[in-house]
Amino acid sequence: EAQVTQNPRYLITVTGKKLTVTCSQNMNHEYMSWYRQDPGLGLRQIYYSMNVEVTDKGDVPEGYKVSRKEKRNFPLILESPSPNQTSLYFCASSSTPNTEAFFGQGTRLTVV
Amino acid sequence: AQSVTQLGSHVSVSEGALVLLRCNYSSSVPPYLFWYVQYPNQGLQLLLKYTTGATLVKGINGFEAEFKKSETSFHLTKPSAHMSDAAEYFCAVSESDSWGKLQFGAGTQVVVTP
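Taken in order, these protein sequences are the chains called A and B. For the first sequence, our numbering begins at 2 and goes up steadily by one. For the second sequence, our numbering begins at 849 and goes up steadily by one.
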């Protein structure tokens, strides 16, 4: 089954404690991206990757890092989380940016 | 740079009534336009998309949308609402000459009443 898998689904952490949210896709897609969803703001793009070792900033990259060492995986790293990063995070993949994006189930992060 | 405006953050419709969700965009180049739906506690899934060609696009679950270049709009409609249509709907735009820039609207929450 074609899917994008994020882990964990729920995470509560404390300010400053580094964390990683994993994302994996099994569709051999070149394009992957991370979004955060906040009420009234829709989804905002954090980072995207066009292929292995090729990443670029989206609209809200501050406080986040990503890496793309393998085609299937695109982890999101918060080196020093802060409460304003409390949000619902989605990973997505597509064959190109202008075709259908497949989304993971989301990761609800709370930073206290 | 592109942007998306969805009119109405909440819409309430009666079961069997017309569903109309409005989306306007701005883009400096020919856009690719999308509607996604998000059911509770789930990720987004594609309803329909416009890339080129026919301006009336049909999607899943009886939804359709019409691309109107002169009005820079891409409104989503469904003739008869079903209870299962209760969800949040997002309009999104991508510019044809950009890599990686999928811009979403703020979303419209649809409530269907019996």
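Cβ coordinates follow ideal geometry from the N, Cα and C atoms, glycine included.
Drop a sphere of 10 angstroms on the beta-carbon of residue i, count the other beta-carbons inside from all chains shown, and report buried for 16 or more, exposed for fewer.
i, result
"H858/B", "exposed"
"V5/A", "buried"
"A902/B", "exposed"
"P98/A", "buried"
"I47/A", "buried"
"S851/B", "exposed"
"S83/A", "exposed"
"T900/B", "exposed"
"Y32/A", "buried"
"T961/B", "exposed"
"H30/A", "buried"
Tell me, which residues are paired with residue i by DSSP?
i, result
"I13/A", "T111/A"
"N74/A", "S25/A"
"Q7/A", "C24/A"
"Q38/A", "L44/A and L89/A"
In angstroms, rounded to a whole number, what distance separates the CA positions of residue i and residue j?
i, j, result
"L894/B", "V113/A", "34 Å"
"Y36/A", "T956/B", "18 Å"
"K818/B", "T925/B", "Examination of residue 818/B is not possible in this model, given that chain B is present from 849 through 962 alone."
"G64/A", "S81/A", "7 Å"
"A865/B", "A954/B", "24 Å"
"N52/A", "K72/A", "7 Å"
"C871/B", "Y880/B", "13 Å"
Residue i touches chain A at which residues, Cβ-Cβ below 9 Å?
i, result
"K897/B", "N99, T100 and E101"
"F911/B", "Here the premise fails: no neighbours, minimum Cβ distance about 15 Å."
"Y880/B", "P98, N99 and T100"
What whole-angstrom Cβ distance do residue i and residue j have, given they're in contact under 8 Å?
i, j, result
"E936/B", "Q886/B", "5 Å"
"L20/A", "L79/A", "5 Å"
"Q7/A", "V22/A", "6 Å"
"S34/A", "Y49/A", "4 Å"
"L77/A", "V67/A", "6 Å"
"F104/A", "C24/A", "So it is not a contact: roughly 10 Å between Cβ atoms."
Can you list the residues of chain A that residue i reaches, using a CB-CB cut of under 7 Å?
i, result
"Q890/B", "Q106"
"S942/B", "P98 and N99"
Given that residue i touches chain B, what residues does it touch there, using C-beta distances under 9 Å?
i, result
"G41/A", "S857, A954 and G955"
Going along chain A, which residues have a C-beta under 8 Å from residue i?
i, result
"S875/B", "What S875/B touches in chain A: nothing, since even the nearest Cβ is about 12 Å away."
"F938/B", "G43 and L44"
Taking CB distances under 7 Å as the criterion, tell me whether residue i reaches chain E.
i, result
"L894/B", "The chain inventory of the structure shown lacks chain E, comprising the protein chains A and B."
Determine the chain B residues that contact residue i at a beta-carbon separation under 8 Å, and present them in chain order.
i, result
"F91/A", "G891 and L892"
Chain B partners of residue i, CB-CB under 7 Å?
i, result
"Q46/A", "L950"
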